[in-house]
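Quick note on UniProt numbering: the sequence shown kicks off at 1 and runs consecutively.
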Amino acid sequence: MKVSYWSGKKVRLRAPQKEDIHLFEDLDDEILKNLDSIAFPRTKEQIEEWIADISKGSSTDCDDFYWIAEDHNKNIIGTIDVANCDSKNGTFDYGISVFPSHRGKGYAQDMIITILKHYFFELRYQKATIQIYSFNTASINLHRKLQFVEEGRLRNMMYTNGTFYDEIYFGITKDEFQSLYFPK
1 MKVSYWSGKK
11 VRLRAPQKED
21 IHLFEDLDDE
31 ILKNLDSIAF
41 PRTKEQIEEW
51 IADISKGSST
61 DCDDFYWIAE
71 DHNKNIIGTI
81 DVANCDSKNG
91 TFDYGISVFP
101 SHRGKGYAQD
111 MIITILKHYF
121 FELRYQKATI
131 QIYSFNTASI
141 NLHRKLQFVE
151 EGRLRNMMYT
161 NGTFYDEIYF
171 GITKDEFQSL
181 YFPK
């Protein structure tokens with residue numbers, strides 16, 4: 001099986017750089033709400049410190065990482081980050097964000113497949129899980145299209161805009177992913 005890291009069919013993933021600060025200064029509340037991170041405004045210095053921290057990458061004992069996704073013309077289209085890596089049990093989760101002008105063009109699917117290839121076929125993880133808030137129908141539909149399995153729901157886990165929303169868990173194993181996208 002030929003695997004190409006860090007490029008998919010539509011995207012290339014790269015580490016964040018100091019120059020990317022403008023991306024994080026301008027994120028709108030709709031994106032932040034999906035990531036459960038609507039918070040008080042941050043100063044430029046706080047954002048620079050955060051970028052410096054995520055730009056360091058993972059430590060030697062942790063595979064958590066944050067990427068900037070670009071299309072093949074080097075236009076920044078979104079971000080994806082892997083967190084909560086558990087190498088003993090082979091599990092991880094991720095968060096993804098595609099900027100509004102790039103949605104509906106297949107970038108999110110390509111970002112996810114690119115990450116899963118690396119974690120499953122290079123780092124020996126065996127399962128990815130994602131938590132999606134019930135108001136985020138686009139992400140729910142995307143993960144169903146990718147054939148993730150809905151594994152559970154926690155009720156009233158997210159409060160925003162005066163309403164509580166459920167948190168829905170989706171997962172895919174390495175074996176499921178391989179049979180769908182890289183059959184032998």
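Glycine residues also receive a C-beta, built at the ideal position from the N, C-alpha and C atoms.
Over what stretch of residues does the alpha helix (DSSP H) that includes residue i continue unbroken?
| i | result |
| --- | --- |
| R103 | Note, R103: premise wrong, no alpha helix (DSSP H); not H, not E. |
| Y181 | 174-181 |
| Q126 | Unbroken run through Q126: none, as it is neither H nor E. |
Using a threshold of 8 Å, state whether the C-beta atoms of residue i and residue j are closer than that.
| i | j | result |
| --- | --- | --- |
| D93 | I130 | yes |
| residue 232 | G8 | With the chain covering only 1 through 184, there is no way to say anything about residue 232. |
| K127 | G162 | no |
| C85 | D63 | yes |
| E167 | L180 | no |
| K10 | G106 | yes |
Alpha carbon to alpha carbon, what distance is there between residue j and residue i?
| i | j | result |
| --- | --- | --- |
| K74 | I68 | 10 Å |
| P16 | S97 | 14 Å |
| F170 | K145 | 12 Å |
| Y165 | H143 | 18 Å |
| L32 | I115 | Model confidence at L32 stands at a pLDDT of 49, short of 50, so the residue's coordinates are unreliable; what they give is reported in the following sentence. Those two C-alpha atoms are separated by around 21 Å. |
| A108 | G78 | 8 Å |
| Y133 | K184 | 35 Å |
| I113 | G95 | 13 Å |
| N156 | Y66 | 28 Å |
| M158 | E151 | 18 Å |
| Y119 | L13 | 14 Å |
| E45 | R103 | 30 Å |
| E49 | K88 | 31 Å |
| S101 | D20 | 18 Å |
Identify whether residue i lies in helix, strand or coil by the three-state DSSP scheme.
| i | result |
| --- | --- |
| F164 | strand |
| D28 | At D28, the pLDDT of 47 sits below 50, so the modelled position is not reliable; the number obtained from the coordinates is stated separately. Residue state, collapsed to three classes: coil. |
| R144 | helix |
| D20 | helix |
| D86 | strand |
| F135 | coil |
In terms of residue numbering, what span does the beta strand (DSSP E) encompassing residue i cover?
| i | result |
| --- | --- |
| A69 | 65-71 |
- request: Report yes or no: do three or more beta-carbon pairs, one from the segment 174-183 and one from the segment 113-124, lie closer than 8 Å?
  value: yes
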